[in-house]
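Protein chains in written order, with the numbering used here: chain D, 1 to 438; chain E, 1001 to 1438. Ideal Cβ placement from N, Cα and C applies to all residues, glycine included. To keep things clear, I will list the structure first and then write my remarks on it.
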């Protein structure tokens, strides 16, 4: 269960309801198709789709409660006949979408909703919020994974995510993109994600001597301890860790690692590695945290840091270099009318669509073609699937492990230039001639 | 009710629990004091405290459910005797805090928790997350209010906030800082905040002609309509709006306003104002949206835009120019030991504290003094109050209107240089000599 499911249909911009009232007053019941896509984001070459399970679950459970209707009455905006209509409201539309973990590019539809216009309109805010944020974070996390070159990453962001629901979704989205674990215990409970944690400076400070703190922690966690060694002096901290680790060894246990949380990570990690190795503790890992995102990870690794795993926190958890995506949900068809918009930089092409992907001889992504839904594009794989019909999800949701595996597979097929965290590379996305003709 | 209250004690970093287990194994039950404060943020001169009600409610309700304990068992990390202890866990500490709506500055404690060390430690992640985000947004919103020079601001951010809980908290925090309304209907229901909304381009596009869309909307909302006039051509849209507005007038109704959502806001707002005025519609307001935050608001107003109200969305809702605060929760006392940290840029001064504010002869903020809790500072007002004792809130929570009024009062007392959205001005915060002596 996820906080956002429980917020219900009033988790919406008022205008979704006033427009619905406008359609209702006019007796407009035409079927419309809305297309959800993300416009170009300067700092991103690709996006990682996430949030669909939450979106579909939310749509299937959408009901106005009596207290919702009572509240709407108090606004004085709505006629009783419309509120009676809302009291009976169900989302009974169909949804086509790319599965979670898919990699996609600007202007490609990733979700398309087809339903009577009132239903399709009312769910806009919820869908944008739910899919936008999880996609934002899965994308940011994928960039961190790429920068870390195989080292383990752990989500440490919970304390500074933008409120509680974001914290839960960051844990899930980073796991989709290949993070190994999260510090978020509730995400462990909800999603089965491995949880990981060490100690804070306050724990070390609560004891008279640093070595006492390490020994106390080791007593409680004889085979799962990671000592934080920078409370006073990192190199002395390393010596204290060695002392306690050797005692643990004598007692048949072992220290998992030490954590660096401040200072020159390149220099300190190399010196600490030497101290550990000189003591025969070659299997004790070095964890590093403090201000890491894809840029800092790449930088310290390029400079030769000797780090086995990174705790990745705030900057990743809020996607600090790009804290939002230009995600939109546009009407592309209403009844028989195909709707388009040609404003510069804000183009919307008409009608329900499909995205086709072509691969090269080594199975790498070659180019995508955005086509009308019913067009066939030869030698290409369609990416959108029907995932909901008559308001009911078609089949069980993908497990988190399935989604994670899907991302891993697709990411291995994405050519390197697009994976760059610093160089803009625009993947070729074409629009079919049939679509342009509309 | 707020989503974050319901997440419970597993909404925490694992290390809070492993440290607690470490203290427990050592029999450490000393009383500790932790101090929550925000370090300097380059883009901000002041902060607006928000989130305390949620924090106190969360603390008072904190209980490990049976399923929480069952989950913790599955991690294999914790001994049964410790889990039994958690099953009985209550937060029974005391809290001193600045009331919501207070204005404060870097390095000033805004919340201090005093409790047995395990209790004080376990709540860290929750407190940082809850208070940090709401303070982030209340501060961002205050900057927008200042830039708008008395014009009405409406929160339009819900679709792109960082997940659901953030959307709810943005609505509340912006209202604290003086926003007039929100588009977020659920925030209207939960918090009694006025809700506001117009129409989207999709509504206009669903009709054959723009004027038909306006007329249909006016029929549903004869005295509360705001027409979106930029779907095709803004000036033609203004003419269509005039046509329908004059019909409304003939029928004894009135158009509230029009909304601009693209293009050159300075030029268009002036031209549209003229079109409306020439038709005798001087009371029809001009709303503007699309990419506004404090910087864009200040810019278009400086250039002479004729705008009555702004819809402020994404960039405000994620605090895009500073999407997180360097908020920390540091142990300052444990038993009889005063704990300090002197690392450059990461200083923590020891012991429980009080923040005193001095005022000039015109009641404006003059300087603050951070002192030990029991020190007296003459001619200064203490800002931290005891708000919780034995785990129970002392008195009812402030109403949202009280908090909003408090902020308004304090903001009028903040000297102008600190209100600047572009110039850094450091408000004088001193540390008392008693504190420095420790």
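- Taking all protein chains shown into account, residue 17 (chain D) has 16 or more neighbouring C-beta atoms within 10 Å of its C-beta and is therefore buried.
- Residue 1386 (chain E) and residue 212 (chain D) have their C-alpha atoms spaced approximately 34 Å apart.
- Residue 1070 (chain E) counts as exposed, since fewer than 16 other beta carbons sit within 10 angstroms of its beta carbon.
- When 8 Å is used as the limit between beta carbons, residue 1049 (chain E) is near no residue of chain D, the shortest such separation being about 16 Å.
- DSSP, reduced to helix, strand and coil, places residue 1209 (chain E) outside both helices and strands of the structure shown, so it counts as coil.
- Within chain D, the residues 318, 320 and 323 have their CB atoms less than 7 Å from the CB of residue 1323 (chain E), given in chain order.
- Between residue 53 (chain D) and residue 100 (chain D), the C-beta spacing is below 8 Å.
- Taking C-beta separations shorter than 6 Å and ignoring five residues to either side along the sequence, the partners of residue 113 (chain D) in its chain run 34, 93, 95 and 120, following chain order.
- Pairing residue 1008 (chain E) with residue 1058 (chain E), the inter-Cα distance amounts to about 8 Å.
- Using a Cβ-Cβ cut-off of 8 Å, residue 1184 (chain E) counts as an interface residue toward chain D, since at least one Cβ of chain D sits closer than that to its own.
- Per DSSP, residue 1094 (chain E) is one residue of the beta strand (DSSP E) stretching across 1094 to 1097.
- For residue 1335 (chain E), the closest of E:1028, E:1068 and E:1014 by C-alpha to C-alpha distance is E:1028.
- Within chain D, no residue has its CB atom less than 7 Å from the CB of residue 1333 (chain E), the nearest being about 10 Å off.
- Shortest Cα-Cα distance from residue 289 (chain D) to any of D:427, D:258 and D:190 involves D:258.
- In this structure, residue 90 (chain D) sits away from residue 395 (chain D), with a CB-CB distance that is not shorter than 8 Å.
- The beta-bridge partner set that DSSP reports for residue 228 (chain D) consists of D:259.
- Counting every other CB atom within 10 Å of its CB across the protein chains shown gives residue 350 (chain D) a total of 16 or more, marking it as buried.
- Here the alpha carbon of residue 403 (chain D) sits roughly 20 Å from the alpha carbon of residue 37 (chain D).
- Runs of beta strand (DSSP E) with 3 or more residues, each lying fully within the segment 1077 to 1125 of chain E, are found at 1094 to 1097 and 1111 to 1116, listed in chain order.
- Rounded to the nearest angstrom, the Cβ distance from residue 311 (chain D) to residue 287 (chain D) is 6 Å, consistent with a contact under 8 Å.
- In the three-state reduction of the DSSP assignment, residue 1161 (chain E) falls in the coil class.
- Listed in chain order, the alpha helix (DSSP H) elements of length 4 or more contained wholly in the segment 1259 to 1311 of chain E are 1265 to 1278 and 1294 to 1302.
- The segment 1139 to 1147 of chain E makes contact with the segment 1310 to 1330 of chain E; the number of CB pairs closer than 8 Å reaches 3 or more.
- For residue 30 (chain D), no alpha helix (DSSP H) run applies, since DSSP gives it neither H nor E.
- The segment 1069 to 1088 of chain E makes no contact with the segment 408 to 421 of chain D; the number of CB pairs closer than 8 Å stays below 3.
- Residue 1421 (chain E) sits close to residue 1143 (chain E), with the two beta carbons spaced by under 8 Å.
- Taking the Cα positions, residue 378 (chain D) is about 44 Å away from residue 1165 (chain E).
- At a beta-carbon threshold of 9 Å, none of the residues of chain D lie near residue 1295 (chain E); the nearest stands roughly 15 Å away.
- The straight-line gap separating the alpha-carbon atoms of residue 315 (chain D) and residue 170 (chain D) is approximately 12 Å.
- For the segment 386 to 406 of chain D, the beta-carbon criterion of a distance under 8 Å to any beta-carbon of chain E is satisfied by none of its residues.
- For residue 253 (chain D), no beta strand (DSSP E) run applies, since DSSP gives it neither H nor E.
- In the three-state reduction of the DSSP assignment, residue 358 (chain D) falls in the strand class.
- Taking a beta-carbon distance threshold of 8 Å, residue 18 (chain D) counts as an interface residue toward chain E.
- Going by beta carbons, residue 329 (chain D) and residue 124 (chain D) fall inside the 8 Å limit.
- Across the structure, residue 1181 (chain E) and residue 1279 (chain E) are spaced so that their CA atoms are roughly 29 Å apart.
- From the listed residues D:49, D:184 and D:10, the smallest Cα separation to residue 68 (chain D) is found for D:10.
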